[in-house]
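Here is the structure we will look at, set down as structure tokens.
Chains as they are written, first to last, in the numbering used here: chain A, 83 to 461; chain B, 970 to 1078.
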């Protein structure tokens, strides 16, 4: 009980001492919390997107086969389908039809696709739209048809079968799903031509063997496996998080200078305070405990404040600070909600990276002056 | 009895901890709904055969980074900055391979 009372008294004393330098202390906590907020926001955002990509793209096709010509991806002919289907272990080869459509009206890029399954296939003359398309076109009432213009004086009408919800916006915001016949006539794609081929393989462990055999049959093709897709996204989010952390690192550096200046360059006033405390009978232990409380209150409070705000920013407000950065020049930015995903290890690292150096920077110089003779310190 | 100096500070800590607890509860309570949403997304991916997130729609190679042409990123001239802002947020795809100038994906990191 006595130890608790002692610490309660030390805490009271610390708070009273901090209250004497109120503006300085509050400014320090605010800057500290802002740095933590930026880093934690970037971490939460990237962890959540990574989880989203991992969970959803696990259902992506096992293998995508693209035809390359003149260094670019071109349409692949249907004659490749039986060649791939004949490989042992391949359970199915589907020709995929998809492409991009630049909307001259609002400057947006849509992804036009023919669904793989019959359940998602819209009837002729109709389309299924992603969440962003009616939003950007400003469709006010149900039943508004979608007009697409391929060139000056051209207008093709599609009725809207339905719109995909915002809950899948991160994957489907810019999609226009079309019937195969509509797609071929709209984009002038002759029969027997596909954008690429989706190959399903019975045993995922045989995938590399299947790719090796397929390379012999289609030497000019490029093969993208589901693992390649997963790796691309893993890298993409590491990269993006890295960009944000690099920006926040500059802030962290500025803060480090600020904190080191504040903490290590013990002001004459603080040195005198310590001297007086020692002269009236405080132990070196008490002085260090007091300073530990000070460092703990400031860094712990700033960490808590920054993390709580970062969570609210990313998962409640939808990361509005990052949206312009991610949006770039794109007209379409999906209205998506992120699933809370917190990487405990990352959060722990952030805690150690931000609070420990500050606590050390507070305690070490104090220990040096507290261990000295009070008379010498006060002079 | 007068207010001890530490009381408001401890109260503020308590409030922040309560808020953090509220956020943790939010994460736990929304987990089933979010899991269902992720499942719906995964179903959509399977039904449509999707390969990429619709996060960056400004250019072909940012909309579908995993299926980008081998030469799309940095295509305008050697060592040029990317044309689209989100190009700077996207790493070259993992299977980019060495280029004719023998840059590997690692060099472009």
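Built from N, CA and C at the ideal position, the CB exists for glycine as well.
#### Entry: Limits of the beta strand (DSSP E) - the one that residue 1010 of chain B falls within
Sequence index remark: in the second chain, residue 1010 of chain B carries index 41 (1-based). Segment 975–1017 is the alpha helix (DSSP H) holding residue 1010 of chain B; no beta strand (DSSP E) there.
### Message
Looking at the secondary structure, which residues open and close the alpha helix (DSSP H) in which residue 266 of chain A lies?
### Response
For the purposes of this step, residue 266 of chain A is identified with residue 184 of the first chain, where counting begins at 1. Start and end: 262–269.
### Message
Looking only at its chain, what residues have a beta carbon closer than 7 Å to the beta carbon of residue 456 of chain A, apart from the 5 residues adjacent to it on each side?
### Response
As a first step, residue 456 of chain A is located in the first chain; it is residue number 374 there, counting from the start. Spatial neighbours of residue 456 of chain A in its own chain (CB-CB distance under 7 Å, excluding positions within 5 residues in sequence) are listed in chain order as 357, 360 and 361.
### Message
I need the DSSP call for residue 1046 of chain B, collapsed to helix, strand or coil.
### Response
The residue you call residue 1046 of chain B lines up with position 77 of the second chain. Confidence is the limiting factor: at residue 1046 of chain B the pLDDT is only 44, short of 50, which leaves the residue's position unreliable and the question unanswerable from this model.
### Task
Take residue 973 of chain B as the anchor and find which of A/84, A/93, A/88 and A/85 has the nearest alpha-carbon.
For the purposes of this step, residue 973 of chain B is taken as the residue at position 4 of the second chain. Ranking the options by Cα distance to residue 973 of chain B, first place goes to A/93.
### Query
Is any beta-carbon of chain A found at less than 7 Å from that of residue 998 of chain B?
For the purposes of this step, residue 998 of chain B is taken as residue 29 along the second chain, with counting starting at 1. No, residue 998 of chain B lies away from the interface with chain A (no Cβ there is under 7 Å from its Cβ).
### Task
May I have the straight-line CA-CA distance separating residue 196 of chain A from residue 341 of chain A, to the nearest angstrom?
Position 114 of the first chain, counted from the first residue, corresponds to residue 196 of chain A. Position 259 of the first chain, counted from the first residue, corresponds to residue 341 of chain A. Cα-Cα distance, rounded: 57 Å.
### Query
Quick one: does residue 411 of chain A have its CB under 7 Å from some CB of chain B?
On the first chain, residue 411 of chain A is found 329 positions in, with the first residue counted as 1. So yes, residue 411 of chain A belongs to the interface.
#### Entry: Cβ of residue 971 of chain B within 7 Å of any chain A Cβ
As a first step, residue 971 of chain B is located in the second chain; it is residue number 2 there, counting from the start. For residue 971 of chain B, the answer is no, since every Cβ of chain A falls outside 7 Å of its Cβ.
### Members of the stretch 1014–1038 of chain B near chain A, C-beta cut-off 7 Å
Sequence-ordered contacts of the stretch 1014–1038 of chain B with chain A read 1014, 1015, 1016, 1017, 1018, 1019, 1020, 1022, 1023, 1024, 1025, 1026, 1027, 1029, 1032, 1034, 1035, 1036 and 1038 [C-beta pairs closer than 7 Å].
### Task
Compare the beta carbon distance of residue 428 of chain A and residue 125 of chain A with 7 Å and say whether it is the shorter of the two.
The count along the first chain starts at 1 and reaches residue 428 of chain A at position 346. The count along the first chain starts at 1 and reaches residue 125 of chain A at position 43. Against a cut-off of 7 Å, the Cβ pair of residue 125 of chain A and residue 428 of chain A comes out as a contact.
### Where the alpha helix (DSSP H) through residue 375 of chain A begins and ends
The residue you call residue 375 of chain A lines up with position 293 of the first chain. If you look at residue 375 of chain A, you'll find it in the alpha helix (DSSP H) that goes 366–393.
### Query
Which residues of chain B have a Cβ atom closer than 8 Å to the Cβ of residue 182 of chain A, listed in chain order?
On the first chain, residue 182 of chain A is found 100 positions in, with the first residue counted as 1. Near residue 182 of chain A (Cβ distances below 8 Å), the residues of chain B are 1029 and 1032.
### Coil, strand or helix - residue 187 of chain A by DSSP
Taking the first chain and counting its residues from 1, the one referred to as residue 187 of chain A is at position 105. In the structure shown, residue 187 of chain A sits in coil (DSSP, three-state: anything other than H, G, I, E or B).
### Query
Name the residues in the stretch 122–154 of chain A whose C-beta lies less than 9 Å from a C-beta of chain B; which are they?
Listed by position, the residues of the stretch 122–154 of chain A near chain B (Cβ gap below 9 Å) are 131, 133, 134, 135, 137, 138, 139, 140, 141, 142, 143, 146, 148, 150, 153 and 154.
### Message
One question on the structure: do residue 416 of chain A and residue 397 of chain A come within less than 7 Å of each other, judged by their Cβ atoms?
### Response
Counting from 1 along the first chain, the entry for residue 416 of chain A is found at position 334. Counting from 1 along the first chain, the entry for residue 397 of chain A is found at position 315. In this structure, residue 397 of chain A does not lie closer than 7 Å to residue 416 of chain A by Cβ.
### Query
residue 101 of chain A to residue 184 of chain A, Cα distance in whole Å?
One-based indexing of the first chain puts residue 101 of chain A at position 19. One-based indexing of the first chain puts residue 184 of chain A at position 102. C-alpha separation (whole angstroms): 60 Å.
### Query
In chain B, which residues lie with their C-beta within 7 Å of the C-beta of residue 343 of chain A?
The residue given as residue 343 of chain A occupies position 261 in the first chain. Ordered by position in chain B, no residue passes the 7 Å Cβ test against residue 343 of chain A, which lies about 24 Å from the chain.
### Message
Suppose only complete runs of 4+ residues qualify. What are the alpha helix (DSSP H) ranges in the stretch 291–368 of chain A, listed by chain order?
### Response
308–345 and 350–361
### Task
Take residue 163 of chain A as the anchor and find which of A/400, A/332 and A/282 has the nearest alpha-carbon.
On the first chain, residue 163 of chain A is found 81 positions in, with the first residue counted as 1. Answer by Cα proximity: A/282.
### Message
With a threshold of 7 Å between beta-carbons, can residue 1011 of chain B be considered close to chain A, or not?
### Response
Residue mapping note: residue 1011 of chain B aligns to position 42 of the second chain, counting from 1. Yes, contact with chain A.
#### Entry: Cβ-based neighbour list, residue 301 of chain A, same chain, cut-off 8 Å, excluding 5 preceding and 5 following
Here residue 301 of chain A corresponds to residue number 219 of the first chain, with the count starting at 1. Nothing listed; no residue qualifies.
### Message
On the CB-based measure, 16 or more other CB atoms within 10 Å of its CB, does residue 249 of chain A come out buried or exposed?
### Response
Indexing the first chain from 1 puts residue 249 of chain A at position 167. Classification for residue 249 of chain A: buried.
### Query
Cβ-heavy atom distance between residue 231 of chain A and the ligand GDP below 6 Å?
Here there are no bound small molecules, and the ligand GDP is not part of this structure.
#### Entry: Span separating the alpha-carbon of residue 299 of chain A from that of residue 130 of chain A
For the purposes of this step, residue 299 of chain A is taken as residue 217 along the first chain, with counting starting at 1. For the purposes of this step, residue 130 of chain A is taken as residue 48 along the first chain, with counting starting at 1. In a straight line, the C-alpha of residue 299 of chain A is about 40 Å away from that of residue 130 of chain A.
### Task
Determine whether the Cβ of residue 217 of chain A lies closer than 7 Å to any Cβ atom of chain B.
For this step, residue 217 of chain A is matched to residue 135 along the first chain. No, residue 217 of chain A does not count as interfacial toward chain B.
### Query
What are the boundary residues of the beta strand (DSSP E) that residue 280 of chain A is part of?
Counted from its first residue, the first chain places residue 280 of chain A at position 198. 278–283 is the extent of the beta strand (DSSP E) around residue 280 of chain A.
#### Entry: Start and end residues, beta strand (DSSP E) containing residue 178 of chain A
In the first chain, residue 178 of chain A corresponds to position 96, counting from 1. If you look at residue 178 of chain A, you'll find it in the beta strand (DSSP E) that goes 172–178.
#### Entry: Amino acids of chain B, ordered along the chain, whose beta-carbon sits closer than 9 Å to that of residue 400 of chain A
Within the first chain, residue 400 of chain A is the residue found at index 318, counting from 1. Below the 9 Å Cβ cutoff, chain B contributes no neighbours of residue 400 of chain A, its closest Cβ being approximately 13 Å away.
### Query
Quick one: what does DSSP say residue 431 of chain A is sitting in, helix, strand or coil?
Residue mapping note: residue 431 of chain A aligns to position 349 of the first chain, counting from 1. Correct three-state label for residue 431 of chain A: helix.
### Query
Is residue 245 of chain A closer than 7 Å to residue 216 of chain A when the C-beta atoms are compared?
Position 134 of the first chain, counting from 1, holds the residue named residue 216 of chain A. Position 163 of the first chain, counting from 1, holds the residue named residue 245 of chain A. Yes.
#### Entry: Neighbouring residues, chain B, relative to residue 424 of chain A (Cβ below 8 Å)
Locating residue 424 of chain A in the first chain gives position 342, counting from the first residue. In chain order: 996.
#### Entry: Whole-angstrom distance between residue 122 of chain A and residue 128 of chain A, CA atom to CA atom
Position 46 of the first chain, counted from the start, is the residue given in the question as residue 128 of chain A. Position 40 of the first chain, counted from the start, is the residue given in the question as residue 122 of chain A. Taking the straight line joining both Cα atoms gives about 10 Å.
### Task
Please list the residues of the stretch 232–259 of chain A that have a C-beta atom closer than 9 Å to any C-beta atom in chain B, keeping them in chain order.
246, 247, 249, 250, 251, 252, 253, 254, 255, 256, 257 and 259
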